[in-house]
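Asks: Take the sequence shown: its position 43, counting from 1, is numbered 42 in numbering that gives the first Met the number 0, and each next residue is one higher. Heads up, the beta-carbon is just placed ideally off N, CA and C, and yes, glycines get one too. Being a predicted model, the structure only gives us computed values, none of them experimental.
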Amino acid sequence: MRLPIVLIPGFMADATLWDDLLPDLQALGPIAHADLSRVASIGEMAHDVLAAAPARFAVVGFSMGGYVAREVARLAPERVQALVLVATSARADTPAQKRRKAFAVNTVNPAHFTGLSRGAVLSSLHPDRAGDAAMVERVRAMSERVGGEVFVRHATPERASDLEQLAAIQCPTLVIAADHDALRSQKEAHELREGIRGATLTLIEGSGHMIPIEQPAALAAVMVCWLREHARP
């Protein structure tokens, strides 16, 4: 029996985030893509994921999806066999983040949303990729597909910290960070590793925040090796 893997994307990302990893991950088990678009809060997203997920599974959460994945693991510890957290954090929104989100929500017109701005996309990538037009366009186009209504829905709620709830996570956990992530620091990754009992931390080199798109081969290699060892069907 192979173990199903549920993949949870991040803010303004969809299932195509994982495209370059699928051949490697499918060797471990069937893949399910979580859809976070219909609801606003992390708790609601977690309930949606569980409603659609197999009976037992490994869960992988990227960025905002990491918050959701942790809540899934806390809500259904008997179902989650392993947890992988990619480029994420357990911290609450900072005052500066709250101001930026509020400004964006108040200025965006969902009916005319054309994706994240070039500046926003570049902030999510390694500095050396500023000239990679194809990668920049891939991230922008992904956000445009997700759409303006979802942008407003997901940017409106304030993200709360779950640092005090990390100890409740019982399953094997892998934390993955990037060496040039301008959105999520290595300190935040260390907080996750320290807060979740027995968690492992791995650093991906040569990547900004968008690890699944920037360094898919390195990410897949780390995930597959770890899941083979720690995830039990």
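So, ALA119 versus ALA230, is the Cβ gap smaller than 8 Å?
Replies: It is not a contact, given that the beta carbons lie outside the stated cut-off.
Asks: Should ASP161 be flagged as near chain D, meaning a C-beta pair shorter than 8 Å?
Replies: The chain inventory of the structure shown lacks chain D, comprising one protein chain alone.
Asks: Along the chain, where does the alpha helix (DSSP H) containing LEU82 start, and where does it finish?
Replies: Where LEU82 is concerned, there is no enclosing alpha helix (DSSP H), although the beta strand (DSSP E) it sits in stretches over 79-85.
Asks: List, from N- to C-terminal side, the beta strand (DSSP E) runs of 3 residues or more that fit wholly inside the segment 187-222.
Replies: Taking only runs of at least 3 residues, the beta strand (DSSP E) segments lying wholly in the segment 187-222 are 199-203.
Asks: So, at 6 Å on beta carbons, what are the nonlocal neighbours of SER88 in its own chain, with the 5 sequence-adjacent residues on each side left out?
Replies: Correct list, in chain order: ARG183, GLU187.
Asks: Any idea what DSSP makes of ALA26, helix, strand or coil?
Replies: Coil at ALA26, not helix or strand.
Asks: Pick helix, strand or coil for LEU173, following the three-state DSSP scheme.
Replies: Here LEU173 sits in strand by DSSP.
Asks: For the alpha helix (DSSP H) containing GLY146, name the first residue and the last one.
Replies: GLY146 -> no alpha helix (DSSP H), and no H or E assigned at all.
Asks: What is the rounded straight-line gap between the Cα of ILE212 and the Cα of ALA12?
Replies: Taking the straight line joining both Cα atoms gives about 11 Å.
Asks: What is the DSSP secondary structure of HIS179, counted as helix, strand or coil?
Replies: Looking at HIS179 - three-state DSSP - the assignment turns out to be coil, as it is neither helix nor strand.
Asks: Within 10 angstroms of its Cβ, does ARG128 collect 16 or more other Cβ (buried), or is it exposed?
Replies: Buried is the call here.
Asks: List the whole-angstrom C-beta distance separating PHE10 from HIS153, where the pair is believed to meet the contact cut-off of C-beta under 8 Å.
Replies: Indeed, because the Cβ distance is near 6 Å, the residues count as touching under 8 Å.
Asks: Quick one, which of ARG192, GLY197, GLU204 has its alpha-carbon nearest ALA177's?
Replies: Answer by Cα proximity: GLU204.
Asks: The alpha helix (DSSP H) that contains VAL71, what's its start and end?
Replies: 63-74 is the extent of the alpha helix (DSSP H) around VAL71.
Asks: Where does HIS111 land, buried or exposed, given buried means 16+ other C-beta within 10 angstroms?
Replies: Exposed, by the Cβ-count rule.
Asks: Which residues in the same chain have their Cβ closer than 6 Å to the Cβ of GLY28, if we skip the five residues on either side of it in sequence?
Replies: Hits under 6 Å: ARG1, LEU2, PRO3, ILE4.
Asks: With DSSP as the reference, label ILE168 as helix, strand or coil.
Replies: Note: ILE168 maps to coil in three-state DSSP.
Asks: Are GLY64 and PRO22 touching if we call contact CB-CB under 8 Å?
Replies: Result no, Cβ atoms of GLY64 and PRO22 do not sit closer than 8 Å.
Asks: How about THR172 and LEU84: do their beta carbons lie closer than 8 Å?
Replies: Taking 8 Å as the Cβ cut-off, THR172 and LEU84 qualify as a contacting pair.
Asks: Please return the same chain residues whose Cβ sits closer than 7 Å to the Cβ of GLN80, not counting the five positions on each side in sequence.
Replies: Hits under 7 Å: LEU2, ARG55, PHE56, ALA57, CYS170, ALA230, ARG231.
Asks: With LEU121 as the anchor, note down where its alpha helix (DSSP H) starts and where it stops.
Replies: LEU121 -> alpha helix (DSSP H) spans 117-122.
Asks: Does DSSP put ALA57 in a helix, a strand or coil?
Replies: Three-state result, ALA57: strand.
Asks: Please classify PHE150 as buried or exposed, where buried requires at least 16 neighbouring CB atoms within 10 angstroms.
Replies: PHE150 comes out buried.
Asks: Let me make sure I understand the geometry here. Which of MET44, ASN108, ASP161, VAL107 has the alpha-carbon closest to that of ARG90?
Replies: The candidate whose alpha carbon is nearest that of ARG90 is ASP161.
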